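Numbering (the UniProt record's numbering), first residue to last: 1 to 65.
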């Protein structure tokens, strides 16, 4: 699933969180979080975890083509 890294970065900055902190809140590894940010893709279940950690709806992080 494609995600908007711009939206991810924006929300992360709004909350003053590092990628490591988001990963910890989402229950995923820092390496996974970094890979997602670089690739711009992740599994739907992982997207849900990240969205919950950031306090947004998963749809807010999906990249629209």
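No residue lacks a Cβ here, since even glycine has one placed at the ideal position from N, Cα and C.
As the structure is a computational prediction, the values presented were derived from the model and not from experiment.
Inset, instruction - Using only alpha-carbon positions, find the residue among 14, 9, 55 and 15 that is nearest to residue 33. - result: 9
Legend entry - Pair within 8 Å by beta-carbon distance, residue 41 and residue 2: yes
Inset, instruction - Please say whether residue 11 and residue 54 have beta carbons closer to each other than 8 Å? - result: yes
Legend entry - Residue span of the alpha helix (DSSP H) that contains residue 28, given as start and end: According to the DSSP assignment, residue 28 belongs to no alpha helix (DSSP H), since it is labelled neither H nor E.
Legend entry - Member of 50, 58 and 57 whose CA lies at the smallest distance from the CA of residue 27: 50
Inset, instruction - Could you check if residue 23 is buried or exposed, using at least 16 other CB atoms within 10 Å of its CB as the buried criterion? - result: buried
Inset, instruction - Return helix, strand or coil for residue 18, following the three-state DSSP convention. - result: coil
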